[in-house]
RNA sequence: GGCCCCUUCGACUAAUGGUUAGGUCACCACCCUUUCACGGUGGCUGCACGGGUUCGAGUCCCGUAGGGGUCACCA
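Numbering (my numbering), first residue to last: 87 to 565.
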C-alpha cells in the first residue's frame, strides 16, 4: 500500500518548491491508488504564523491537490498536527535513553557556541563535542534534580558507514563520524524535525518519503533513528527531489522574485497552468507534449523519471503555459476570473460586455489581469496617447480624414464590425489610400495605444456613441 | 572548510552503447495581417574537461573542474 505524506511547517505562504513536493507526492499516491496524507509540522513554536495552516489548506485546494488523511479529514493515524503529539515524542525519546540510544545533554547554548567556534577556528567541521555523552547515571540524576534544562541527543554510533537507497539517486553512503549527535528533543519538550518525522512516518505507516534534496544529508540521521527504535524493516523508501533554483542556480528564494504560490495566484496565473509548469520542472514523461491536465499527470507520473539535477524556475515558460491555458478556457470560465479584477479596478460593466472584451483579448492575454490592464480602453476613454503611434499616424491628413470618418460613423444606422469596415474600406478606396492610413490613427484616437485586437471588432464592442465621442475628443486634444 | 549530491542549447528537457543529438520556452528572420497577438515556415545555440573500457560513448568506469545542498534546542 502506497502511503505518502506532504509535511510542511506552517510558517506563512506556500513556497513553489513545497508546491512541487506536494504535487509529486499527490501524483505518486493517485497513480498507485495510494493514500495522500497532510501532516502539519509545527514543532518550532518560535516560527508559528497565525493563519498559516488555513492558508496552506486553501492554497492546496486552489491548485487541486487533495488529501485523504490530515488535520481536516482526520484518519486512523492522527492527530496529524505534530504539536498535538508531543507526549508520543517524549515517550519515544525516553525509550531511546533507556536503551542507551540517546542521552540527555545539559550543555548551555553559550557552551555550544564556544565549542562550535573553537572547532571552526581549528578548521574542523562544527560539531557537538559529545561532552554529555558519557555522563554517569548519578551525574545525570543530580543535574535532573537540580532542574537544569536539558535536551536529548542521539547517540550516533562511531565508525559505521550508513548506506541507504534513494529512488532518485541510487545508493548514498555517509560515514557516521561525520554525523553530529543530533538533538532529538528540545529543552522546551518539543521534538526536532528528525525525531518527530521518523516517529510519525513510522506510526503513520508511510511507505515513501518524497521530499526536497535539502534533506538528503540528514537522511542518515533518520536511518540511524529507525535502527535505534528497531524499525529498520518498516523504514520507508526515500526519494529526494532535485531543488528548484534561482536564475543564478542557488536554491530558489524569496530574495530573487516571487516564490509564493499565493503570489502567482494574485498575479493572474491559473492553478492548472502553475501545476502543469511545476510538474515538468524535474520530471518529464519522455514525451514531446508540453500540456498535461492533472489526470494526465497522474496517469503518467513515475518517480523513476524524476531528474537528479536542480531546475531553474524560469518564468518565461510559465507565462507561455499560462497563456496556453487561458486560450483553452471557455468565455464563461474566464468571466468568473476576470470580473473581480474589473470590479477591483473600478470598472462596472455588464457580463455581456465583459464577455465580448474577453473574446477579443483571449489569445493576447498571458495572465487574467491582461484582460483588463492591457485593454483598459474598453472600460474608459483614453486621456493619454502613445507618443510613438502619435508621431507616426496622427498627421494633418489623418486628422482631416478622421473628421469625415466621424461624420460617416454618425450617420451609420447599423453598428457592426462589418458596417464599420465597410465605411473605412470604401473611404480608403475613394481617396486611393491604403486602409492602414485610416486604421492606425483611428485606433490611436479611440484606444490611445498602437496595438490591440482587430480595430473593427474593437469599435463594435466599444459602441458607436462612445467611439464618436472619443474621436471628437482626439480631434480637439491630440496635437 | 568537512560531508553529500549534481553537470545535454540562454531556460525546461528527450535520447535499449550505434540519431545529421530530438522537442518546448526565449531569441532572430520570413509568411499571414490594419497593429499586437495567434498560427505557419525556417534559423540560432548544447553533450563541462581529461583519461580509459568498447568495433562504436551524451550514455559505462576513473580523475579534474564547476555548481548546488548541508553542517541549529529551524524545518
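Glycine included, each C-beta is placed from N, C-alpha and C at the ideal position.
Own chain, CB closer than 8 angstroms to residue i, minus 5 neighbours either side, in chain order
i           : result
residue 502 : 546
residue 521 : 510, 511, 514
residue 367 : 106, 330, 397, 399
residue 327 : 106, 107, 110, 254, 296, 297, 298, 299, 368, 392
residue 533 : 463, 468, 544
residue 265 : 242, 248, 306, 307, 310
residue 476 : 530, 564
Residue interval of the alpha helix (DSSP H) (run including residue i)
i           : result
residue 334 : Careful: residue 334 lies outside any alpha helix (DSSP H) and carries neither H nor E.
residue 298 : Residue 298 -> not in any alpha helix (DSSP H); beta strand (DSSP E) instead, spanning 294 to 298.
residue 413 : 401 to 414
residue 516 : 503 to 516
residue 201 : 195 to 207
residue 137 : Unbroken run through residue 137: none, as it is neither H nor E.
residue 392 : Unbroken run through residue 392: none, as it is neither H nor E.
residue 446 : 437 to 447
residue 178 : 172 to 184
Integer Cβ distance of residue i from residue j, believed to fall under 8 angstroms
i           : j           : result
residue 472 : residue 530 : 7 angstroms
residue 467 : residue 523 : 23 angstroms between Cβ atoms; not a contact.
residue 527 : residue 488 : 6 angstroms
residue 198 : residue 242 : Not really, about 16 angstroms apart at Cβ, beyond 8 angstroms.
residue 420 : residue 448 : 7 angstroms
residue 194 : residue 275 : Actually they do not touch by this definition, with Cβ atoms about 17 angstroms apart.
residue 104 : residue 127 : Not quite, the Cβ-Cβ distance comes to about 12 angstroms (not below 8 angstroms), so this is no contact.
residue 235 : residue 273 : 4 angstroms
residue 148 : residue 351 : 6 angstroms
residue 492 : residue 550 : The pair is not a contact, with the Cβ atoms about 11 angstroms apart (cut-off 8 angstroms).
residue 440 : residue 425 : 6 angstroms
residue 150 : residue 361 : 7 angstroms
residue 495 : residue 553 : 7 angstroms
residue 238 : residue 183 : 6 angstroms
Span of the beta strand (DSSP E) around residue i
i           : result
residue 49  : For the chain, the structure presents residues 87 to 565; residue 49 sits outside this window and is missing.
residue 280 : Segment 279 to 289 is the alpha helix (DSSP H) holding residue 280; no beta strand (DSSP E) there.
residue 248 : 247 to 252
residue 124 : 121 to 124
residue 237 : 237 to 240
residue 90  : 89 to 92
Sequence-distant residues of the same chain with beta carbon closer than 6 angstroms to residue i, five excluded per side
i           : result
residue 451 : 412, 457
residue 101 : 345
residue 342 : 332
residue 541 : 525, 529
residue 388 : none
residue 428 : 458
residue 317 : 288
residue 535 : 472
residue 112 : 122, 151
residue 566 : Residue coverage of the chain in this structure runs from 87 to 565, which leaves residue 566 outside it and unanswerable.
CB of residue i within 7 angstroms of CB of residue j, strictly
i           : j           : result
residue 187 : residue 320 : no
residue 296 : residue 89  : no
residue 267 : residue 312 : no
residue 407 : residue 363 : yes
residue 99  : residue 124 : no
residue 163 : residue 277 : no
residue 566 : residue 97  : No information on residue 566 is available, as it lies outside the stretch 87 to 565 that the chain covers here.
residue 561 : residue 480 : no
residue 374 : residue 423 : no
residue 212 : residue 219 : no
7 angstroms Cβ shell around residue i - same chain, five flanking residues per side excluded
i           : result
residue 226 : 190
residue 301 : 326
residue 365 : 109, 378, 383
residue 119 : none
residue 192 : 218, 229, 234, 236
residue 470 : 534
Which listed residue (the options) has its alpha carbon closest to that of residue i
i           : options            : result
residue 270 : 281, 534, 474, 479 : 281
residue 168 : 149, 157, 233      : 157
residue 285 : 273, 207, 308      : 308
residue 249 : 162, 140, 324, 424 : 324
residue 571 : 401, 121, 460, 244 : For residue 571 there is no data in the structure shown, the boundaries of the chain being 87 and 565.
residue 114 : 239, 518, 380, 500 : 380
residue 401 : 355, 416, 424      : 355
residue 372 : 555, 209, 360, 386 : 386
residue 251 : 294, 375, 132      : 294
residue 246 : 263, 182, 240, 238 : 263
residue 337 : 395, 370, 322, 154 : 395
residue 170 : 129, 181, 183, 135 : 129
residue 434 : 405, 442, 404, 465 : 465
residue 117 : 403, 87, 141, 474  : 87
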